[in-house]
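One gets our numbering by counting positions in the sequence shown from 1 and adding 1085 to each. To start, the structure under review is shown below, and the notes come after it.
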Amino acid sequence: MTVLLAHSPLLAAGPTWGELPARLGEPVLVPDVRKDETQPFAASYVAAVLNQVRPRWPTRSAVTAVAHSGAGPLLPALLAALQAAGTPVAEAIFLDAGLPTACLPGLPVPAGRLDLLDAEDPAAAAGLRELLGHGGRFPDWTAEQLAGLVPDPAAVVAGMRPRGGDFFAEPLPAGALPGRVRCGYVQLSETYRLYADRAAELGWPVVRAELNHFAALTDPDAVAALIRQVRAR
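Now the structure itself:
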């Protein structure tokens, strides 16, 4: 089995994963997507991941995909593309991540990232709409805001990939996860409880820990153990 770590389009791979890849104890592929800055953003992200991992994919190795944060809604498209390229997909683990829109009833059709945020945190969605409406971009974190949350705030800030309103309004892939893929959820922070609860409703194994959204950076051994735990279920 090979683990594919899919980082959020809002943050580069390095400040997402830290030392986690080395702690998983399995072959790991870590794409670092940079060529998804123009529309269609979701399709560009998926294509960039495939272009990076296909030349390095072990022969006949199945994949466990681990998606963090904003990569979660892109997993149906990414896994379908992997399967179409001949890579068997065994597992999908959502690590403090949003779920695919097909897993969330009550969303508008089609739904974008702002629609997901409306369901997750209406106040945060209103604030983001105001920021984007004035030409702002997100994330807009500062090293001072991240101090105490991550070991190297400057590295996280340097790895941010701020996006404008067109990114957050773009419809997300609407397809379901490929059949026969075992799914699980790891909740690291309170912000993602909504998605963890929904995963439990869907019958997926769910493990929860009182860590933080960037726990791969702050406690990679604990996150690796949580991933192994949810896979074992």
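We put the CB at the ideal spot given by N, CA and C, even for glycine. In this text, all values refer to a predicted model and were calculated from it rather than measured experimentally.
Backbone CA spacing between residue i and residue j [nearest angstrom]
{"i": "PHE1179", "j": "LEU1089", "result": "12 Å"}
{"i": "GLY1244", "j": "THR1123", "result": "18 Å"}
{"i": "PRO1185", "j": "GLN1272", "result": "16 Å"}
{"i": "PRO1094", "j": "PRO1125", "result": "13 Å"}
{"i": "LEU1217", "j": "LEU1201", "result": "16 Å"}
{"i": "SER1146", "j": "ARG1214", "result": "42 Å"}
{"i": "PRO1207", "j": "TYR1130", "result": "27 Å"}
{"i": "THR1172", "j": "VAL1148", "result": "7 Å"}
{"i": "ALA1210", "j": "ALA1204", "result": "9 Å"}
Inter-residue CB distance, residue i and residue j (contact presumed, cutoff 8 Å)
{"i": "ALA1127", "j": "GLU1255", "result": "7 Å"}
{"i": "ALA1177", "j": "ALA1196", "result": "That pair is no contact at about 19 Å."}
{"i": "GLY1155", "j": "LEU1302", "result": "Actually they do not touch by this definition, with Cβ atoms about 16 Å apart."}
{"i": "ARG1222", "j": "PRO1247", "result": "4 Å"}
{"i": "HIS1092", "j": "ASP1181", "result": "The Cβ separation is near 12 Å, so there is no contact."}
{"i": "THR1087", "j": "PRO1143", "result": "6 Å"}
{"i": "ALA1098", "j": "ASP1117", "result": "4 Å"}
Distance CB(residue i)-CB(residue j) smaller than 8 Å
{"i": "PHE1253", "j": "LEU1189", "result": "no"}
{"i": "PRO1158", "j": "GLY1183", "result": "yes"}
{"i": "GLY1269", "j": "ALA1165", "result": "no"}
{"i": "GLN1314", "j": "VAL1291", "result": "no"}
{"i": "ALA1294", "j": "LEU1311", "result": "yes"}
{"i": "ALA1228", "j": "PRO1236", "result": "no"}
{"i": "ARG1108", "j": "ASP1306", "result": "yes"}
{"i": "VAL1134", "j": "VAL1266", "result": "no"}
Continuous beta strand (DSSP E) stretch holding residue i: start and end
{"i": "GLU1176", "result": "1174-1182"}
{"i": "TYR1270", "result": "1267-1272"}
{"i": "LEU1090", "result": "1087-1091"}
{"i": "ARG1293", "result": "1291-1293"}
In DSSP terms, what residue i is bridged to
{"i": "GLY1197", "result": "PRO1256"}
{"i": "SER1154", "result": "ALA1182"}
{"i": "THR1123", "result": "BP columns for THR1123 are empty, so no partner."}
{"i": "THR1319", "result": "Residue 1319 cannot be examined here, being either before or after the span of the chain that is shown, 1086 to 1318."}
{"i": "VAL1113", "result": "VAL1088"}
{"i": "LEU1096", "result": "MET1245"}
First through last residue of the alpha helix (DSSP H) which encompasses residue i
{"i": "ALA1209", "result": "1207-1218"}
{"i": "LEU1235", "result": "The question names Leu, yet the displayed sequence has Val at residue 1235. Per DSSP, VAL1235 belongs to no alpha helix (DSSP H) and is neither H nor E."}
{"i": "ALA1301", "result": "1300-1303"}
{"i": "ALA1162", "result": "1160-1169"}
{"i": "ALA1285", "result": "1278-1286"}
{"i": "TRP1102", "result": "1099-1102"}
{"i": "LEU1296", "result": "No alpha helix (DSSP H) holds LEU1296; DSSP gives it neither H nor E."}
{"i": "ALA1107", "result": "1105-1108"}
Contact test: residue i Cβ vs the ligand ATP heavy atom, cutoff 7 Å
{"i": "GLU1205", "result": "Of ligands this structure carries none, so the ligand ATP is not represented either."}
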